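So the mapping is simple: the working numbering equals the position in the sequence shown, first residue as 1, plus 17.
Even glycine gets a Cβ: it sits at the ideal position worked out from N, Cα and C.
It should be emphasised that the depicted structure is a prediction, and the values quoted were computed from it without experimental measurement.
One structure is given here, and the rest of the page talks about it.
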Amino acid sequence: MSPSNCALVLFSGGQDSTTCLAWALSRYDRVETIGFDYGQRHAIELSMRPSLLAKLRALSTDWKTRLGEDHMIDLSVLGKISDTALTRDVAITMQDNGLPNTFVPGRNLLFMTVAATVAYRRGLDVLVGGMCQTDFSGYPDCRNDTMQALQTALNLGMAKNFAIETPLMWIDKAATWRLARELGGDALIELIRTDTHTCYLGERGALHEWGHGCGTCPACELRARGYAQFIQE
Ligand code: ZN
Numbered sequence: 018m019s020p021s022n023c024a025l026v027l028f029s030g031g032q033d034s035t036t037c038l039a040w041a042l043s044r045y046d047r048v049e050t051i052g053f054d055y056g057q058r059h060a061i062e063l064s065m066r067p068s069l070l071a072k073l074r075a076l077s078t079d080w081k082t083r084l085g086e087d088h089m090i091d092l093s094v095l096g097k098i099s100d101t102a103l104t105r106d107v108a109i110t111m112q113d114n115g116l117p118n119t120f121v122p123g124r125n126l127l128f129m130t131v132a133a134t135v136a137y138r139r140g141l142d143v144l145v146g147g148m149c150q151t152d153f154s155g156y157p158d159c160r161n162d163t164m165q166a167l168q169t170a171l172n173l174g175m176a177k178n179f180a181i182e183t184p185l186m187w188i189d190k191a192a193t194w195r196l197a198r199e200l201g202g203d204a205l206i207e208l209i210r211t212d213t214h215t216c217y218l219g220e221r222g223a224l225h226e227w228g229h230g231c232g233t234c235p236a237c238e239l240r241a242r243g244y245a246q247f248i249q250e
């Protein structure tokens, strides 16, 4: 097995990271997952992870063979040092700088850096993240340029040759659903629809056509709109 055939997927338990995990399982011989508890209000997404992993294993024998260890990392310090609508009980609003207050400064930079530290120890050479610049909230740490620069910084700083892969970077939410269907058929679509969590407020609530959630926060709106487009195709 070549080293570059081993990947670590940033797996939160949401739609995007679950699609990224299926993407990695279809490509790499060994895949491990990493999740971060940073004091997010929607920590419920983390509780979805174990059953999602079990159900992904049940979808395909190949995936079952390839899917290895899961790493849960305590990054509660991030929640303590940041003041955002994802880490404090405040309303979601647009800030003067043009970014919503759901932006957690440094979050993806920290996640990728910690992921690289774990990948270093585990001998994994590809880091997979669900960052997306196409249909996003304007978060600067989701940009392709940011991830490219971070890849360079990590490789310089750790004397490694990590590749950061972001399969969703240039596709919109409807295409993310489409990609999931290509990777795992209707069974994967149904698993993502019913078992992943996206809602910023951490509401599970009723099962809508597009999944669980409050239905009105920006994350639910994006997910619902993408699903509506996807099923009309
Ligand atoms: Zn919501």
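Problem set entry | Any alpha helix (DSSP H) of 4 or more consecutive residues that is wholly inside the stretch 38 to 106 | 61 to 76, 78 to 83 and 93 to 98
Exercise. Residues in its own chain within less than 7 angstroms of A236 by CB, not counting five upstream and five downstream?
Worked result: Excluding sequence positions up to five before and after A236, its CB lies within less than 7 angstroms of the CB of T215, C216 and Y217, all in the same chain and listed in chain order.
Exercise. Cβ of C231 within 6 angstroms of any heavy atom in the ligand ZN?
Worked result: If you check the C-beta of C231 against the ligand ZN, you find a heavy atom less than 6 angstroms away.
Exercise. Does P122 have its Cβ less than 7 angstroms from a Cβ in chain D?
Worked result: Of the protein chains in this structure there is only one, and it is not chain D.
Exercise. Excluding the five sequence neighbours on either side, which residues of its own chain have a C-beta within less than 6 angstroms of the C-beta of S77, listed in chain order?
Worked result: Cβ within range, chain order: n/a, list empty.
For this session: Pick helix, strand or coil for P122, following the three-state DSSP scheme.
Result: coil
Problem set entry | heavy atom of the ligand ZN below 6 angstroms from L103 C-beta | no
Exercise. By Cβ distance, which residues of its chain are closer than 8 angstroms to A24, with the 5 residues on each side in sequence left out?
Worked result: Excluding residues within five positions, the ones whose Cβ falls inside 8 angstroms are A41, R44, Y45, R47, V48, E49, L141, D142, V143, L144, V145 and E182.
For this session: Check whether the stretch 74 to 93 touches the stretch 104 to 115, taking contact to mean three or more Cβ pairs, one atom from each stretch, closer than 8 angstroms.
Result: no
Exercise. Helix, strand or coil: how does DSSP classify A180 here?
Worked result: Per DSSP, reduced to three states, the secondary structure at A180 is strand.
Exercise. Would you say the beta carbon of L218 comes nearer than 6 angstroms to a heavy atom of the ligand MN?
Worked result: Annotation note on the ligand MN: not contained in the displayed structure, which lists the ligand ZN as its ligands.
Exercise. Grouping DSSP H, G and I as helix and E and B as strand, with all else coil, what is C23?
Worked result: strand
Problem set entry | Helix, strand or coil at L144 [DSSP, three-state] | strand
Exercise. For the putative contact between G243 and T193, defined by C-beta atoms under 8 angstroms, what is the C-beta separation to the nearest angstrom?
Worked result: 7 angstroms
For this session: Would you check if there are 3 or more beta carbon pairs closer than 8 angstroms linking the stretch 60 to 79 to the stretch 24 to 35?
Result: Output reads yes: the stretch 24 to 35 touches the stretch 60 to 79.
Exercise. Out of curiosity, what's the CA-to-CA distance linking E220 and A176?
Worked result: 42 angstroms
For this session: Could you check what DSSP says for M111 in three-state terms: helix, strand or coil?
Result: strand
Exercise. Mind checking whether V121 and S99 have CB atoms under 7 angstroms apart?
Worked result: yes
Exercise. What residue does the alpha helix (DSSP H) around Y244 start on, and which one ends it?
Worked result: P235 to Q249
Exercise. N118 and D158: beta carbons closer than 7 angstroms?
Worked result: no
Exercise. Mind checking whether L196 and T36 have CB atoms under 7 angstroms apart?
Worked result: In terms of Cβ geometry, L196 and T36 form a close pair [threshold 7 angstroms].
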